[in-house]
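Written out below as structure tokens is the structure these notes cover.
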Amino acid sequence: MTEKPLQNTEPNTTHYQIVSSMTADELLSEGYANYDDFYDPDQEEWKIEVEKMRQIVRENKIPDSECTVF
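First residue of the sequence shown? That's 7 in the working numbering, and the numbers climb one at a time after it.
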């Protein structure tokens with residue numbers, strides 16, 4: 007009697023599926039990514055603009071009479 011090889015019934019997981027399900031910290035620690043991959047110059051520019059807006063609001067208080075209650 008000849009034995010047939012057992013078929014692998016486990017699902018195949020691709021490298022892409024593993025990497026795409028990892029968090030940013032996991033990608034960095036496993037070496038799949040570096041910090042430059044997560045750097046967005048537009049986001050940095052936005053942070054600077056938001057800080058400028060906050061500074062303007064702090065310096066130029068709006069009188070209560072001009073405020074609208076939500």
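Every residue gets a Cβ at the ideal spot worked out from N, C-alpha and C, and that includes glycine.
State the Cα-Cα distance for the pair residue i and residue j, rounded to the nearest angstrom.
i: Glu-65; j: Ile-24; result: 50 Å
i: Thr-29; j: Pro-69; result: 46 Å
i: Lys-67; j: Lys-53; result: 22 Å
i: Asn-18; j: Ala-39; result: 24 Å
i: Phe-44; j: Ser-26; result: 14 Å
i: Asp-31; j: Asp-46; result: 17 Å
Inside the segment 37-67 only - alpha helix (DSSP H) runs reaching at least 4 residues
47-65
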